[in-house]
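Protein chains in written order, with the numbering used here: chain A, 3 to 407; chain B, 3 to 407. Before any comments, here is the structure.
2 protein chains.
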Amino acid sequence: MSESPLSSLILKGTSKIVLLVLDGVGDLPDLGRGGLTPLAAARTPHLDALAPAAALGRLLPVAIGITPGSGPGHLALFGYDPIATQVGRGVLEALGAGFELESGDVAARANFCTLGGDGVVSDRRAGRIASEVCARLVATLAREVPRIEDVGVLLEPGKGHRFVAVLRGPGLAGPVSDADPHHEGAPVPASRAAGDDPAAAKTARIVNAFVARAAQVLHGESPANGVLMRGLSARPVLPGYRERFQLRAAAIAAYPMYRGVAQLAGMEVVPVGERVADAFAAAGARWSEHDFFFIHIKGTDMAGEDGNFAAKVAVIEEVDRALPDLMGLAPDVLCVTGDHSTPVPVKGHSWHPVPVLVHGRWCGADGAARFHELTCRTGSLGVVPSRDLMALLLANAGRLDKFGA
Amino acid sequence: MSESPLSSLILKGTSKIVLLVLDGVGDLPDLGRGGLTPLAAARTPHLDALAPAAALGRLLPVAIGITPGSGPGHLALFGYDPIATQVGRGVLEALGAGFELESGDVAARANFCTLGGDGVVSDRRAGRIASEVCARLVATLAREVPRIEDVGVLLEPGKGHRFVAVLRGPGLAGPVSDADPHHEGAPVPASRAAGDDPAAAKTARIVNAFVARAAQVLHGESPANGVLMRGLSARPVLPGYRERFQLRAAAIAAYPMYRGVAQLAGMEVVPVGERVADAFAAAGARWSEHDFFFIHIKGTDMAGEDGNFAAKVAVIEEVDRALPDLMGLAPDVLCVTGDHSTPVPVKGHSWHPVPVLVHGRWCGADGAARFHELTCRTGSLGVVPSRDLMALLLANAGRLDKFGA
Chain A
3 MSESPLSSLI
13 LKGTSKIVLL
23 VLDGVGDLPD
33 LGRGGLTPLA
43 AARTPHLDAL
53 APAAALGRLL
63 PVAIGITPGS
73 GPGHLALFGY
83 DPIATQVGRG
93 VLEALGAGFE
103 LESGDVAARA
113 NFCTLGGDGV
123 VSDRRAGRIA
133 SEVCARLVAT
143 LAREVPRIED
153 VGVLLEPGKG
163 HRFVAVLRGP
173 GLAGPVSDAD
183 PHHEGAPVPA
193 SRAAGDDPAA
203 AKTARIVNAF
213 VARAAQVLHG
223 ESPANGVLMR
233 GLSARPVLPG
243 YRERFQLRAA
253 AIAAYPMYRG
263 VAQLAGMEVV
273 PVGERVADAF
283 AAAGARWSEH
293 DFFFIHIKGT
303 DMAGEDGNFA
313 AKVAVIEEVD
323 RALPDLMGLA
333 PDVLCVTGDH
343 STPVPVKGHS
353 WHPVPVLVHG
363 RWCGADGAAR
373 FHELTCRTGS
383 LGVVPSRDLM
393 ALLLANAGRL
403 DKFGA
Chain B
3 MSESPLSSLI
13 LKGTSKIVLL
23 VLDGVGDLPD
33 LGRGGLTPLA
43 AARTPHLDAL
53 APAAALGRLL
63 PVAIGITPGS
73 GPGHLALFGY
83 DPIATQVGRG
93 VLEALGAGFE
103 LESGDVAARA
113 NFCTLGGDGV
123 VSDRRAGRIA
133 SEVCARLVAT
143 LAREVPRIED
153 VGVLLEPGKG
163 HRFVAVLRGP
173 GLAGPVSDAD
183 PHHEGAPVPA
193 SRAAGDDPAA
203 AKTARIVNAF
213 VARAAQVLHG
223 ESPANGVLMR
233 GLSARPVLPG
243 YRERFQLRAA
253 AIAAYPMYRG
263 VAQLAGMEVV
273 PVGERVADAF
283 AAAGARWSEH
293 DFFFIHIKGT
303 DMAGEDGNFA
313 AKVAVIEEVD
323 RALPDLMGLA
333 PDVLCVTGDH
343 STPVPVKGHS
353 WHPVPVLVHG
363 RWCGADGAAR
373 FHELTCRTGS
383 LGVVPSRDLM
393 ALLLANAGRL
403 DKFGA
């Protein structure tokens, strides 16, 4: 099939779109609870009030059977092809750690390791050192190796032996190969550029110099006397909401990862606390400045990962209680969905399609009594690839011209 | 949409997957029988017991409106793009005749014809000679023309005037053009290679020599005094289940065609009798040796081809009676579906989507009372291209990693 003509049909407008993402909201029926999912079991009078006049369906985030990570899940919601739009692991990790990446930055997942006297990696995780030890060693490295050549080295400690490294300077490019043997008993391999791009070659050189300098600085430490780096990738330059859709977009999210991916998509990020009411209040505060509001609610995913049905229900009910605040802003189009399913029995992300609700003047009224997995199965939207959702929202917002005469 | 990232996400595992293919099972409602299809009319207590906890949907074998042959139908179920994965007619015919094709073999559909004194084909089917005559003439050719140059000629008689020829020797390649005028009143054209591949040129030369030698050997016969060859194609080399999916796959099938296509897909073939119970017993006997079991049941297709509603119901009921033996093996994932529909009123293969049932721990429980065309229409799987079924089965078997972070 040819590409959609979407990009040539964008109209300017004054309508407002809200994309409310309940992370991992999709779930499976619990046969012990009468076959109900958390969405079906939750008490949601305000969503119920929207449902009959809304269009329901299901989103397919990446492809049939494919379980998406948070990066691809959100990139698809934002209208990118989640397979073609490769964002490196290092970049996603850096975004998750709260780095505001700039164009040209190269990011890596890094960790401390134990090196033998012969330079061989004897423990890739340095005995899984405590996070406090990691923070102290990262501070030491940051002080001792602030830059290499004309490239700044920015570090952020993570959990246990893990940290994130960002290289910032002129003429860098990713991806370059890992400075990580991926198994014990081998020396740290040199990072290499795949082709003959001088920027990738420079990046590999900086990475290798950093790994060598880190080993010198950490020489007296035990067990963490070396570092490994992998997923080395450059912040991608993606066309953003303004260029693609003529939308001034805001991202309202409590967690750095989602703010980061939204930033890649050209949204202005609005950090908020974890309470749903705060997120909706933040939307209200920015209402006149933006046309599109991505609001991210993390709790549904966390409850799913924990396998906690009641907790997932509670987050959904918290969203529902706060919903009048959001609807009080009178968005022209409201979409409620998720970036993927995180079913309670799976205790993790899954491949199952995600319920989606689109509410607006021209959405069609499916007449469903409620919004949940079962009603969405027979909804008028059918199964929609997540990457096509933006076209649907723009159309409902009156922001798409007719294709052809 | 870009290609699925499936191949980069394969995990090793110990879970077992059964793909139970009821050939041509999909059907149309019979208005004379209260709108029931054979699946809906059959008494299937064991399938009914699985249905509520299973996920239902419909498979689209090739594309909307396209009626698949057995080759494309199965190649799609095995996860290949059935349009891009071209398997020549000669190869499919040879597999159906029970040839165990080796890499490098070239196969052809062949038949006896009547040649006039001027070398012109006067009857492309040699008066549709009896199968016994065909067998005698094939035996004669096999004795008189066992090889040409360094290439062995292997022949297998078929029905009426038809037979299959396999060329086995060094340096052959297909496809080459038909040694068949496709209409009466013309001489047998020489087979030709399309490009300048020396292997194809050699193949065409061997084909032409065989056609000439056969006419000499058959000189005194009437009406079958010549041969035609078409669909000349080489056994394709496809990446198999082990390389693609890390699965040790077994094919349990009574008919050579399905064993042959499974062999192309890298499965180990297990011939069995036509009784369903024998097929399930064969799966049990091999249970520890394999991770994936393709079990092929032919009777549903034959009944559909015959337009025999009651016979199709009977085969489905035979499958259902034997089902406890299969479920007793406790497969982690069971899929029941077909390679295409063979509706009773059509009396042949058709383009209609095929009911599919997936049963496993994380399949979701659609809550359907039974498994048939109507319940599958509103199942949670929706419409799934057959070629994506393997991704779904691997996901349900816990054998796919997450895509992206």
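Even for Gly, the Cβ is constructed at its ideal location relative to N, Cα and C.
Next on the checklist: Please state whether the Cβ-Cβ distance between residue 147 of chain A and residue 80 of chain A is less than 8 Å.
Outcome noted: Counting from 1 along the first sequence, the entry for residue 147 of chain A is found at position 145. Counting from 1 along the first sequence, the entry for residue 80 of chain A is found at position 78. No, these two residues do not count as a Cβ contact at 8 Å.
Next on the checklist: If contacts are defined as beta-carbon pairs under 8 Å, then residue 57 of chain B and residue 381 of chain B qualify, I think. What distance do you get, rounded to the angstrom?
Outcome noted: The sequence position of residue 57 of chain B within the second sequence is 55, counting from 1. The sequence position of residue 381 of chain B within the second sequence is 379, counting from 1. Contact flag correct, Cβ pair sits at about 6 Å.
Checklist entry - Per DSSP, which one or two residues make a beta bridge with residue 228 of chain A? => result The count along the first sequence starts at 1 and reaches residue 228 of chain A at position 226. Answer by DSSP bridge pairing, in chain order: A/115.
Item to check | Ordered list of alpha helix (DSSP H) runs contained in the stretch 67-131 of chain A, each at least 4 residues | outcome: Correct list: 72-79 and 91-98.
Item to check | Rounded separation between residue 150 of chain B and residue 204 of chain B - CA only | outcome: Here residue 150 of chain B refers to the residue found at position 148 when the second sequence is read from its first residue. Here residue 204 of chain B refers to the residue found at position 202 when the second sequence is read from its first residue. Cα-Cα distance, rounded: 11 Å.
Item to check | Close-in-space but distant-in-sequence residues of the same chain around residue 290 of chain B (CB under 7 Å, 5 per side omitted) | outcome: For this step, residue 290 of chain B is matched to residue 288 along the second sequence. Nothing listed; no residue qualifies.
Item to check | Backbone secondary structure at residue 306 of chain A - three-state DSSP | outcome: On the first sequence, residue 306 of chain A is found 304 positions in, with the first residue counted as 1. Reduced to three states, the DSSP call for residue 306 of chain A is helix.
Next on the checklist: Just to confirm before moving on: does the CB-CB distance between residue 112 of chain A and residue 229 of chain A stay below 8 Å?
Outcome noted: Position 110 of the first sequence, counted from the first residue, corresponds to residue 112 of chain A. Position 227 of the first sequence, counted from the first residue, corresponds to residue 229 of chain A. Yes; because the gap between Cβ atoms is below 8 Å, this pair is in contact.
Next on the checklist: Is there a C-beta anywhere in chain B that falls below 8 Å from the one on residue 264 of chain A?
Outcome noted: Stepping through the first sequence from its first residue, residue 264 of chain A is reached at position 262. At least 8 Å separates the CB of residue 264 of chain A from every CB of chain B.
Checklist entry - Rounded to whole angstroms, how far is the Cβ of residue 162 of chain B from the Cβ of residue 136 of chain B, which I believe are closer than 8 Å? => result Walking along the second sequence from the start, residue 162 of chain B turns up at place 160. Walking along the second sequence from the start, residue 136 of chain B turns up at place 134. At roughly 6 Å, the Cβ-Cβ gap stays under 8 Å, so residue 162 of chain B and residue 136 of chain B are in contact.
Checklist entry - Going by C-alpha distance, which of B/247, B/199, B/126 and B/43 is nearest residue 226 of chain B? => result Along the second sequence, one-based indexing puts residue 226 of chain B at 224. Checking every option, the nearest Cα to that of residue 226 of chain B belongs to B/126.
Checklist entry - Is there at least one Cβ from chain B nearer than 8 Å to residue 235 of chain A's Cβ? => result The count along the first sequence starts at 1 and reaches residue 235 of chain A at position 233. Not one chain B Cβ lies under 8 Å of residue 235 of chain A.
Item to check | Of the residues A/59, A/76 and A/398, the one placed nearest residue 341 of chain A, counting alpha carbons only | outcome: Counting from 1 along the first sequence, the entry for residue 341 of chain A is found at position 339. Minimum Cα distance to residue 341 of chain A is reached at A/76.
Checklist entry - Sorted by chain position, which residues of the same chain lie with C-beta nearer than 6 Å to residue 206 of chain A's C-beta, five sequence neighbours on each side aside? => result Residue numbering aside, residue 206 of chain A sits at position 204 when the first sequence is read from its first letter. Excluding sequence neighbours, residue 206 of chain A sits near 178, 193, 194 and 195.
Checklist entry - Is it true that the CB of residue 12 of chain A sits closer than 8 Å to the CB of residue 372 of chain A? => result Working through the first sequence from its first residue, we reach residue 372 of chain A at position 370. Working through the first sequence from its first residue, we reach residue 12 of chain A at position 10. The answer is no: Cβ separation not under 8 Å.
Item to check | CB of residue 363 of chain B within 8 Å of CB of residue 403 of chain B, strictly | outcome: Stepping through the second sequence from its first residue, residue 363 of chain B is reached at position 361. Stepping through the second sequence from its first residue, residue 403 of chain B is reached at position 401. It is not a contact, given that the beta carbons lie outside the stated cut-off.
Item to check | Under 8 Å from the C-beta of residue 7 of chain B: neighbouring residues of chain A | outcome: Locating residue 7 of chain B in the second sequence gives position 5, where the first residue counts as 1. Chain A residues near residue 7 of chain B: 64, 65, 68 and 85.
Item to check | Closest by C-alpha distance to residue 388 of chain B, when choosing among B/368, B/353 and B/365 | outcome: Here residue 388 of chain B corresponds to residue number 386 of the second sequence, with the count starting at 1. Nearest of B/368, B/353 and B/365 to residue 388 of chain B, Cα basis: B/353.
Item to check | Alpha-carbon to alpha-carbon, residue 294 of chain B and residue 17 of chain B | outcome: By one-based count along the second sequence, residue 17 of chain B stands at place 15. By one-based count along the second sequence, residue 294 of chain B stands at place 292. For residue 17 of chain B and residue 294 of chain B, the distance between alpha carbons rounds to 9 Å.
Next on the checklist: Am I right that residue 232 of chain A and residue 110 of chain A are in contact with their C-beta atoms under 8 Å? What's the rounded C-beta distance?
Outcome noted: Here residue 232 of chain A corresponds to residue number 230 of the first sequence, with the count starting at 1. Here residue 110 of chain A corresponds to residue number 108 of the first sequence, with the count starting at 1. With 8 Å as the limit, residue 232 of chain A and residue 110 of chain A qualify as a contact, their Cβ atoms being about 7 Å apart.
Checklist entry - In three-state DSSP terms, what is residue 271 of chain B? => result Within the second sequence, residue 271 of chain B is the residue found at index 269, counting from 1. It is a strand residue.
Next on the checklist: Give me, in chain order, the residues of the same chain whose beta-carbon lies closer than 6 Å to that of residue 407 of chain B; leave out the 5 immediate sequence neighbours on both sides.
Outcome noted: Residue mapping note: residue 407 of chain B aligns to position 405 of the second sequence, counting from 1. Nothing listed; no residue qualifies.
Next on the checklist: Could you compute how far the alpha carbon of residue 319 of chain B sits from the alpha carbon of residue 343 of chain B?
Outcome noted: For the purposes of this step, residue 319 of chain B is taken as the residue at position 317 of the second sequence. For the purposes of this step, residue 343 of chain B is taken as the residue at position 341 of the second sequence. In this structure, the straight-line span from the alpha carbon of residue 319 of chain B to that of residue 343 of chain B is close to 18 Å.
Checklist entry - So is residue 95 of chain A in contact with chain B if we call contact Cβ pairs under 8 Å? => result Counted from its first residue, the first sequence places residue 95 of chain A at position 93. Residue 95 of chain A counts as touching chain B.
Next on the checklist: Does any residue of chain A have a CB that is nearer than 8 Å to the CB of residue 358 of chain B?
Outcome noted: Indexing the second sequence from 1 puts residue 358 of chain B at position 356. The beta carbon of residue 358 of chain B does not come within 8 Å of any beta carbon belonging to chain A, so the residue lies off that interface.
Item to check | residue 381 of chain A at chain B interface by Cβ criterion, 8 Å | outcome: Here residue 381 of chain A corresponds to residue number 379 of the first sequence, with the count starting at 1. Output row for residue 381 of chain A: interface = no.
Next on the checklist: By the DSSP assignment, the beta strand (DSSP E) with residue 60 of chain B in it spans what residues?
Outcome noted: Indexing the second sequence from 1 puts residue 60 of chain B at position 58. Residues 57-62.
Checklist entry - Leaving out five residues before and five after residue 309 of chain B in sequence, what residues of the same chain have Cβ atoms less than 6 Å from its Cβ? => result Taking the second sequence and counting its residues from 1, the one referred to as residue 309 of chain B is at position 307. Excluding residues within five positions, the ones whose Cβ falls inside 6 Å are 346 and 349.
Next on the checklist: Distance check for residue 267 of chain A and residue 242 of chain A, CA to CA, integer angstroms please.
Outcome noted: What you label residue 242 of chain A is simply residue 240 of the first sequence in a count that begins at 1. What you label residue 267 of chain A is simply residue 265 of the first sequence in a count that begins at 1. Spanning the two alpha carbons is a distance of roughly 5 Å.
Next on the checklist: Helix, strand or coil, according to DSSP, for residue 28 of chain B in the structure here?
Outcome noted: Translated into positions along the second sequence, residue 28 of chain B becomes position 26. DSSP places residue 28 of chain B in strand when its eight states are reduced to three.
Checklist entry - Taking Cβ-Cβ distances shorter than 8 Å, what residues in chain B pair up with residue 73 of chain A? => result Counting from 1 along the first sequence, the entry for residue 73 of chain A is found at position 71. Within 8 Å Cβ-Cβ: 406 and 407.
Item to check | Cross-chain neighbours of residue 338 of chain B in chain A, by beta carbon under 7 Å | outcome: Here residue 338 of chain B refers to the residue found at position 336 of the second sequence. Result: empty, since nearest Cβ-Cβ is about 18 Å, beyond 7 Å.
Checklist entry - If you run the structure through DSSP and keep just helix, strand and coil, what is residue 20 of chain B? => result Walking along the second sequence from the start, residue 20 of chain B turns up at place 18. If DSSP states are grouped into helix, strand and coil, residue 20 of chain B belongs with the strands.
Checklist entry - Looking at the unbroken beta strand (DSSP E) that takes in residue 286 of chain A, where does it start and where does it end? => result The residue labelled residue 286 of chain A in the question sits at position 284 within the first sequence. Unbroken run through residue 286 of chain A is the alpha helix (DSSP H), 278-287; no beta strand (DSSP E).
Checklist entry - So which of A/145, A/122, A/221 and A/223 has the shortest CA-CA distance to residue 183 of chain A? => result Taking the first sequence and counting its residues from 1, one reaches residue 183 of chain A at position 181. Closest option to residue 183 of chain A, Cα to Cα, is A/122.
Checklist entry - Any beta-carbon of chain A closer than 8 Å to the one on residue 353 of chain B? => result In the second sequence, residue 353 of chain B corresponds to position 351, counting from 1. Judged by the 8 Å Cβ criterion, residue 353 of chain B is not in contact with chain A.
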